[in-house]
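First residue of the sequence shown? That's 1 in the UniProt record's numbering, and the numbers climb one at a time after it.
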Amino acid sequence: MHADAVKKINIMAATIHMYSGYVYDYKNSSPYKWRGLQACMRGITSVCMSLNAVNLIKTAAGLQEIEQLIERQKPYLFKFKGQQATFAYTRYAPKRAQEVLDSGGSIYWIMKNRIQARQRILGFEMVEDPAEHDWCKIIVDPRLILTYSVQKRAIQGWRYLEGSGIPKDKGAFDGEENGEEPPPEMLYELKRLGLL
């Protein structure tokens, strides 16, 4: 396991231990309990999954909001290997397609010059179009996972996304983008340590 990832996981585990019960606000001498412990657990899961994951990143062209991406994909829902799926498309299939699938990779979406969400990639299919040109279906899980917003300019086509460039998960999109956040003290500490 990568040393930097081990360090991050250890720090996050210590943070969970610190905030898992009643934590005292020494400034105000009053105890409080944080209900956002799950966010830290998602962080650990995200770090572990990203160690070897080969992902793709793509601009959601013309879209500004997560809901618009859902609406764009909704008409194309279908069954893929027994589960619900939808798809994005691109001109060229990734040469590392099998690595993406074997590592549980996702497609990360850029909207408004920021990475904002991801979908797990389920497969790839080439489609022949004699009238124009062949293209590639990127078959994805229709469920969107919100990520912590990371600045990223729009790109043409797609790129690989690996390692430290992968944003952490916030949680499944449920129709609102107001997912539970850690208290300000913890949010500051996690950002300072590079975990968000």
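The beta carbon of each residue, even a glycine, is placed where N, CA and C say it ideally should be.
Which same chain residues, not among the five before or five after residue i, have their C-beta less than 7 Å away from its C-beta?
i: residue 172; result: 143 and 145
i: residue 76; result: 86 and 87
i: residue 151; result: 113 and 114
i: residue 64; result: 111 and 112
i: residue 66; result: 116, 117, 144, 173 and 177
According to the neighbour-count rule (16 or more other Cβ atoms, all chains shown, within 10 Å of its Cβ), is residue i buried or exposed?
i: residue 58; result: buried
i: residue 154; result: exposed
i: residue 169; result: buried
i: residue 94; result: buried
i: residue 74; result: exposed
i: residue 79; result: exposed
i: residue 53; result: buried
What residue from the options has the CA that sits closest to residue i's CA?
i: residue 105; options: 60, 174, 161 and 168; result: 161
i: residue 83; options: 90, 66, 70 and 139; result: 139
i: residue 137; options: 97, 67, 71 and 149; result: 97
i: residue 156; options: 53, 61 and 81; result: 61
i: residue 129; options: 64, 91 and 63; result: 91
i: residue 110; options: 149, 174 and 67; result: 149
i: residue 174; options: 70, 158 and 64; result: 70
i: residue 135; options: 89, 67 and 159; result: 89
Would you list the residues sitting across from residue i in a DSSP beta bridge?
i: residue 55; result: 161
i: residue 137; result: 89 and 125
i: residue 171; result: 146
i: residue 151; result: 114
i: residue 96; result: Beta-bridge pairing links residue 96 to no other residue.
i: residue 120; result: 106
i: residue 84; result: 79
Who are the near neighbours of residue i in its chain, counting only those whose CB is closer than 8 Å to its CB and skipping five residues on each side?
i: residue 108; result: 55, 56, 57, 58, 115, 117, 118, 147, 161, 166 and 167
i: residue 131; result: none
i: residue 133; result: 91
i: residue 29; result: Since pLDDT at residue 29 reaches only 44, below the 50 mark, its modelled position is unreliable, and no value is offered.
Residues in the same chain with beta-carbon distance under 6 Å from residue i, minus the five sequence neighbours each way, listed in chain order, please.
i: residue 120; result: 106 and 141
i: residue 72; result: none
i: residue 159; result: 57
i: residue 81; result: none
Inter-stretch contact (C-beta, 8 Å, three-pair minimum) for the stretch 94–106 and the stretch 117–126: yes
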